[in-house]
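Notes to accompany the following structure.
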Amino acid sequence: MSFTFPRSAAGLALLTALAAGCGTAAAAHSPATAPAMHHSARPDPAPPAASPAMTPHLHHAHPAAVAPAPPPAPPAPPTMNPIPQGNGGDQDADNNGGPSDGDGSI
Amino acid sequence: MSARSSHRGRLLLAATLAAVAVAATAIAATALAGQPARPGFPALHPAAAPASWPRATLLGGAAVLAFPPSLRRVISDADAVSAAQLGPGGGYQLYLNATPRQGAENLAHWASFRLRLLRSDDATAARLLAAAGGIQFRGGTGSCVIDTYLTRIGGHHFTEIACLIRGRASASVIVAAAPAARWARARPLLLRAVAAYQVR
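Line by line, the protein sequences are chains H and Z. The working numbering puts the first sequence at residues 1 to 106. The working numbering puts the second sequence at residues 1 to 200.
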């Protein structure tokens, strides 16, 4: 009797350790943390400017495994003028208030 | 009395014959030029531009835009060419553009296509002034529209003639525009540039 108790305790401890390890591995492969893992595994150079799409991933790299991702930011309000200004779009005169060119707008 | 009547009759006959001759000459000249009469639309007689006018060629040689020396090349789409005369403040005084046909525009519906494009893209309002089809160009046949519009950006009021021209191997668009307030003065020069447009 005195010999079997420590063996059972050791077996229980081993099972507990294995269960904890499997749980950690499963959490590490969840979609929520995949981008964070990708970034930590590949030390790519940082983008020239932090884009809004990248910010949530960097900010939630660690707690993402245990906490749900925050709701996405509300979309930006639509602009009143769909034409790019300041030489945007096709860069022709009509994007700066000049005469319209002959493109077919495709 | 009868002599006077006879004289009056001869005069009337001569006047009638002269009127018929004038009308026949006008019709023949129009037919030879390939330009059917178009009420409200200016006559476009295809003719080469003066040698002193600079030329800009579309990619692949699809068309050649000749523009008056008072204009200079300005930025345009990659596959297009533009020339303009700018005012002291940088505003467009004269504008010419040639662009290969890109969308669903065709000769039969050119005027409606152009107005719809203006309203949906660059202008808050666009109004048709005149339109015509079957116009002869150097190397092809085209449909043209004259319209006036208000730009979405800046609220500038322009008047333009825009033509879709189909040549043997390609189709392209030429646009000639000026501020509406200057259109009457600019029109002869712009029409000359349009008439000199060469397509292939």
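Note that beta-carbon positions come from the ideal geometry of N, C-alpha and C, so glycine has one too.
Not flagged as an interface residue toward chain H: I146(Z), since no C-beta distance is shorter than 7 Å. The C-beta of R114(Z) has 16 or more other C-beta atoms within 10 Å across all chains shown, which makes the residue buried. At a cut-off of 7 Å between beta-carbon atoms, Q102(Z) makes contact with chain H. Going by C-alpha positions, S170(Z) is about 31 Å away from A180(Z). At a Cβ-Cβ threshold of 7 Å, A125(Z) and T99(Z) do not count as neighbours. Boundaries of the alpha helix (DSSP H) harbouring S112(Z): 110-117, taken from the DSSP string. Closest in alpha carbon position to Y95(Z), among A130(Z), V199(Z), R192(Z), is R192(Z). Rounded to whole angstroms, G104(H) and L118(Z) show a C-alpha spacing of 10 Å. Inclusion of A178(Z) and A186(Z) in the CB contact set at 7 Å is warranted, their separation being smaller than that value. Within chain H, no C-beta atom comes less than 9 Å from the C-beta of Y197(Z); the nearest is roughly 11 Å away. In this structure, G167(Z) lies near V199(Z), with their beta-carbon atoms less than 7 Å apart. For a cut-off of 8 Å, the C-beta gap from A195(Z) to L44(Z) is around 5 Å, short enough to register as a contact. Where A184(Z) is concerned, the enclosing alpha helix (DSSP H) starts and stops at 183-195. Around the CB of N95(H), 16 or more other CB atoms lie within 10 Å, so the residue is classed as buried. When DSSP states are grouped into helix, strand and coil, G155(Z) belongs to the coil group. Closer than 8 Å at the C-beta level to chain H, one finds no residue of the segment 49-69 of chain Z. Residue pairing by DSSP places L150(Z) opposite A125(Z), H157(Z) in a beta bridge.
Residue burial annotation: L58(Z) is buried, with at least 16 other C-beta atoms found within 10 angstroms of its C-beta.
Per DSSP, N97(Z) is one residue of the beta strand (DSSP E) stretching across 92-100. The bridge partners DSSP lists for I174(Z) are A98(Z), C163(Z).
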